[in-house]
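Participant: Handing you this structure, nothing more for now.
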Amino acid sequence: MTQLSIHGYGDDLTINGIRLGDLSPADHESIEKEKGGRNYNPLENVVVSHVKDSSTLICRKPSSDETRAYIEEELIDGLCCYSAVNQGQLNQTIVDAVVHHLTVDKLPTVPRSIRHKYMAAFLLAVTGITGMDRVVPKVAGVEAPDLMFKIARRWGYRVKGIPQNEAIIVAANGNFHGRSMTAISMSDDPDSRNDFGPFVPGIEMVPFNDIDALKTLFEQKGDKIAAFLVEPIQGEAGVIVPDDTYFPQVAELCKKHNILLAMDEVQTGFGRTGANFAHQLFNVKPDLLGCGKAAGGGILPVSFVAGRDDVVGVLTPGSEGSTFGGYPLAAVVSVYAIKVLVDQKLAENARTRGAQLMQHFEDIKSEFPDKIKEIRGRGLLTAFEMFDAPYLDGHKVSLGLLKNGVYAKETHHSTVRLAPALTIQAWQIDNIAEAIRGVVKEL
Ligand SMILES: Cc1ncc(COP(=O)(O)O)c(C=O)c1O
Numbered sequence: 024m025t026q027l028s029i030h031g032y033g034d035d036l037t038i039n040g041i042r043l044g045d046l047s048p049a050d051h052e053s054i055e056k057e058k059g060g061r062n063y064n065p066l067e068n069v070v071v072s073h074v075k076d077s078s079t080l081i082c083r084k085p086s087s088d089e090t091r092a093y094i095e096e097e098l099i100d101g102l103c104c105y106s107a108v109n110q111g112q113l114n115q116t117i118v119d120a121v122v123h124h125l126t127v128d129k130l131p132t133v134p135r136s137i138r139h140k141y142m143a144a145f146l147l148a149v150t151g152i153t154g155m156d157r158v159v160p161k162v163a164g165v166e167a168p169d170l171m172f173k174i175a176r177r178w179g180y181r182v183k184g185i186p187q188n189e190a191i192i193v194a195a196n197g198n199f200h201g202r203s204m205t206a207i208s209m210s211d212d213p214d215s216r217n218d219f220g221p222f223v224p225g226i227e228m229v230p231f232n233d234i235d236a237l238k239t240l241f242e243q244k245g246d247k248i249a250a251f252l253v254e255p256i257q258g259e260a261g262v263i264v265p266d267d268t269y270f271p272q273v274a275e276l277c278k279k280h281n282i283l284l285a286m287d288e289v290q291t292g293f294g295r296t297g298a299n300f301a302h303q304l305f306n307v308k309p310d311l312l313g314c315g316k317a318a319g320g321g322i323l324p325v326s327f328v329a330g331r332d333d334v335v336g337v338l339t340p341g342s343e344g345s346t347f348g349g350y351p352l353a354a355v356v357s358v359y360a361i362k363v364l365v366d367q368k369l370a371e372n373a374r375t376r377g378a379q380l381m382q383h384f385e386d387i388k389s390e391f392p393d394k395i396k397e398i399r400g401r402g403l404l405t406a407f408e409m410f411d412a413p414y415l416d417g418h419k420v421s422l423g424l425l426k427n428g429v430y431a432k433e434t435h436h437s438t439v440r441l442a443p444a445l446t447i448q449a450w451q452i453d454n455i456a457e458a459i460r461g462v463v464k465e466l
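First residue of the sequence shown: 24, per this note's numbering; consecutive thereafter.
The structure is reproduced here in structure tokens:
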């Protein structure tokens with residue numbers, strides 16, 4: 024029988040005699056390489072330890088002094104877990120709510136087959152913030168587009184009258200909807216797809232932000248198309264912002280052909296782009312809305328699909344479900360994630376601090392016009408793209424920023440995305456910009 028001894032907390036957490044506080048960055052790396060799935064390639068020589076404040080992490084780096092396993096440094100969190108921590112690390116309101124409900128209110132863990140009282144709070148808060156009729160709670164972000172895909176197919180058969188097994192879902196080139204089989208079936212990224220086929224059928228791709236391509240496809244195959252499933256701004260693709268006229272035209276086309284507009288706001292929702300939800304920037308209302316990440320306040324994985332009564336209404340008992348989707352703790356956390364979004368005016372702060380960061384980007388672009396090709400963003404979902412040259416390497420920028428106390432990560436070769444917490448302070452934005460300026464200068 025395997026002998027396993029586990030005790031202690033934090034740095035004293037010890038597994039079979041190996042104490043976390045004694046491990047160097049190289050030790051962490053070798054344990055991950057030896058025992059992990061090797062499906063990530065994290066930044067080298069740095070291990071995050073704990074939170075200092077809502078936008079600052081304490082990380083461990085290699086020590087030059089042989090008596091210590093590491094040194095500790097501050098790191099401004101320029102990514103906030105890919106927008107899962109819009110409310111800031113360890114947001115006090117959310118932490119207090121969790122601790123209170125677990126210790127004082129004795130929060131139970133029960134499945135959906137028995138009613139619990141916090142579901143009502145969840146449904147009221149989510150329909151309130153989204154303006155949608157119905158909501159289905161899920162867990163991981165990827166489950167939101169997955170469920171929109173399923174609902175759209177069933178709506179296509181039961182309401183639109185598409186012949187059985189012939190429904191088409193349209194997705195946009197360059198999208199990122201997650202890593203499930205359905206999500207990668209919609210992807211055109213070879214790294215996500217290679218050797219994972221066969222893929223889910225019934226998917227057609229169109230270029231993003233190309234209304235003519237969508238129009239042509241809808242005219243050719245509209246009778247069998249159930250939904251256009253799309254991000255309002257493509258995050259993982261490198262913050263690709265469509266023209267202001269694109270989504271109003273998309274919404275009109277969808278209406279004309281009786282096709283659902285299903286928006287994946289897993290990354291753009293919860294204030295990130297300067298509106299509570301990015302579709303509001305374009306004055307459209309989707310029929311289905313998928314959220315994740317910051318829906319869990321940076322504390323728990325929480326996602327959901329919200330939508331129109333007659334669309335989400337195609338679900339029936341047994342057709343959909345999730346053990347942890349909307350369980351009491353998730354329900355409480357998401358209610359408080361929404362409370363913080365509203366009370367702490369996160370969308371407004373994203374607009375103000377986003378404008379400040381974009382102004383810095385403009386200045387850096389003017390200073391280095393031969394290096395910075397384009398800057399893009401809405402609210403605090405921002406990126407700068409460098410020209411295509413080997414020395415203008417996004418990974419080098421990420422490593423340089425790390426040395427200068429900022430955590431950011433390249434997407435693709437030459438784009439660097441910055442998406443800090445929406446609670447970030449003006450001086451921290453200035454520090455991020457100063458670090459970027461210094462690193463770009465050295466390239
Ligand atoms: C638009 C979008 N959809 C879905 C996902 C998947 O979310 P998760 O990684 O939590 O499953 C992401 C993650 O980056 C995303 O950006």
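Glycine is no exception: its CB is placed at the ideal position from the N, C-alpha and C atoms.
Considering Cα atoms alone, identify which of 397, 33, 331 is closest to residue 154.
Facilitator: 331
Participant: Spell out the partners DSSP gives residue 313 in its beta bridges.
Facilitator: 287, 328
Participant: Measuring straight from C-alpha to C-alpha, what distance separates residue 191 and residue 313?
Facilitator: The alpha-carbon atoms of residue 191 and residue 313 are separated by roughly 19 Å.
Participant: For ligand 1, is there any heavy atom lying closer than 7 Å to the beta carbon of residue 315?
Facilitator: yes
Participant: Spatial neighbours of residue 255 within its chain, please: C-beta separation below 6 Å, excluding the five flanking residues on both sides.
Facilitator: 286, 291, 301, 302
Participant: If the criterion is Cβ atoms closer than 8 Å, does the pair residue 273 and residue 237 meet it?
Facilitator: yes
Participant: I need the DSSP call for residue 145, collapsed to helix, strand or coil.
Facilitator: Looking at residue 145 - three-state DSSP - the assignment turns out to be helix.
Participant: In terms of DSSP beta bridges, what is residue 295 paired with?
Facilitator: According to DSSP, residue 295 bridges with nothing at all.
Participant: What did DSSP end up calling residue 227 once you bin it into helix, strand or coil?
Facilitator: Strand at residue 227.
Participant: If we call anything under 8 Å between Cβ atoms a contact, is residue 208 one with residue 231?
Facilitator: no
Participant: Between the beta-carbon of residue 298 and the beta-carbon of residue 370, is there less than 8 Å?
Facilitator: yes
Participant: For residue 449, verify whether its CB is less than 7 Å away from any heavy atom of ligand 1.
Facilitator: Outside the cutoff, so no.
Participant: Have a look at the DSSP bridge pairing and note the partners of residue 400.
Facilitator: Residue 400 pairs with 405.
Participant: Less than 7 Å between C-beta atoms, sequence neighbours within five positions excluded: which residues of the same chain meet that for residue 178?
Facilitator: 249, 283, 334, 337
Participant: Under 7 Å Cβ to Cβ from residue 97, same chain only, skipping five residues before and after it: list those, please.
Facilitator: 75, 79, 81, 428
Participant: Whose C-beta lies closer than 8 Å to the C-beta of residue 405 among residues of the same chain, with five residues either side of it excluded?
Facilitator: 262, 377, 380, 381, 384, 398, 399, 440, 441, 442
Participant: Does ligand 1 have even one heavy atom less than 7 Å from the beta-carbon of residue 200?
Facilitator: yes
Participant: At what residues does the alpha helix (DSSP H) containing residue 94 begin and finish?
Facilitator: Unbroken run through residue 94 is the beta strand (DSSP E), 94-100; no alpha helix (DSSP H).
Participant: By DSSP, does residue 210 sit in helix, in strand, or in coil?
Facilitator: coil
Participant: First and last residue of the beta strand (DSSP E) that includes residue 124?
Facilitator: From DSSP, residue 124 is part of no beta strand (DSSP E) but of the alpha helix (DSSP H) over 115-126.
Participant: Just to check my reading of the structure: residue 373 and residue 445 have Cβ atoms closer than 8 Å, yes? What is that Cβ distance to the nearest angstrom?
Facilitator: 5 Å
Participant: Is it buried or exposed, residue 401, if we count other Cβ atoms within 10 angstroms and call 16 or more buried?
Facilitator: buried
Participant: Could you check whether residue 101 and residue 21 sit closer than 8 Å to each other, using their CB atoms as the reference points?
Facilitator: In the structure as shown, the chain begins at 24 and stops at 466. Residue 21 is therefore absent and cannot be evaluated.
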